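Just so we're aligned: the sequence shown equals residues -18 to -1, 1 to 145 in mature numbering (1 follows the signal peptide of the UniProt record, and there is no 0).
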Amino acid sequence: MKKLLLAGMIGTSLFAVSCSSVKKAETSQNQRVEYLKLKGDWQIVSVDYEKGFKIKPFDEGADAQCFVGSHWRLIPNNYTGAYTLNGGGACPSITQPIKFEVKDGNTFMFKKIAEGTKAKQNLAGYSLTITNQSTDQFSLVQSVPFDGNTVQVVYNFQRTGMK
């Protein structure tokens, strides 16, 4: 009787573990589908934030409005990409390689990759929240701490090519 009870407990445990693995695989696959929607060429069409603040995103030394019109290429299959600021006026002309990933389906994390270094050598990066995602547009929301408060900076992207 003890052997039968033990066999039943082992069978139940194996069933629970296998169901849990299937559920994790489904969740992972669904997140990958959302992640792959980011593949392609994008342009920031607007940057929204409380205008009383001077925002200089991603340590570029450039005003947030310099990012309007910037081109972003995202390649999810190898987690690489780059963004290019067009320059002009007080805005610098920059092309910055990045390494990125999407965690939990809505957290876009990236780090800038300096020439001659590997991604694993750079431990600093940025974490933004993906919102309003569709096939041809999405927004990234960055929470910037300031004076005990948080300023929300919203980067609105529009697809320009390659799906």
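We treat Cβ as the ideally placed atom computed from N, Cα and C, and that holds for glycine.
These numbers come from a predicted model, not from an experiment.
Boundaries of the beta strand (DSSP E) around alanine 64: 62 to 70. About 24 Å separates the CB atoms of threonine 62 and lysine 38; that is not less than 8 Å, and the two are not in contact. In this structure, DSSP gives glutamine 134 an extended state, which the three-state scheme calls strand.
Excluding residues up to 5 positions away in sequence, Trp24, Gln25, Ile26, Val27, Trp54, Gln119, Phe120, Ser121, Leu122 lie with their Cβ nearer than 8 Å to the Cβ of phenylalanine 139 in the same chain. DSSP places proline 79 in the strand class (E or B) of the three-state scheme.
If you compare the alpha carbons of Asn88, Ser52, Cys73 with that of serine 116, the shortest gap goes to Asn88.
Using a Cβ distance threshold of 7 Å, leucine 110 and phenylalanine 128 do not count as a contacting pair. Just measuring C-alpha positions, the residue of Gln124, Lys94, Ile112, Thr142 sitting nearest tyrosine 31 is Gln124. Under DSSP, no beta-bridge partner is assigned to serine 52. Excluding five sequence positions before and after alanine 46, the CB atoms of its chain that fall closer than 6 Å to its own CB belong to Val29, Ile37, Pro39, given in chain order. Closest by C-alpha distance to isoleucine 57, out of Gly98, Thr132, Ser75, Leu18, is Leu18. Put simply, of Ala96, Tyr137, Lys21, Leu105 the residue whose alpha carbon is nearest the alpha carbon of threonine 77 is Ala96.
Scanning Leu67, Asn60, Tyr137 for the CA closest to the CA of threonine 113 turns up Tyr137. Of the residues Tyr65, Asp41, Glu42, the one whose Cα lies closest to the Cα of glycine 51 is Tyr65.
Membership of proline 58 in any beta strand (DSSP E) is not indicated, and neither H nor E is assigned to it by DSSP.
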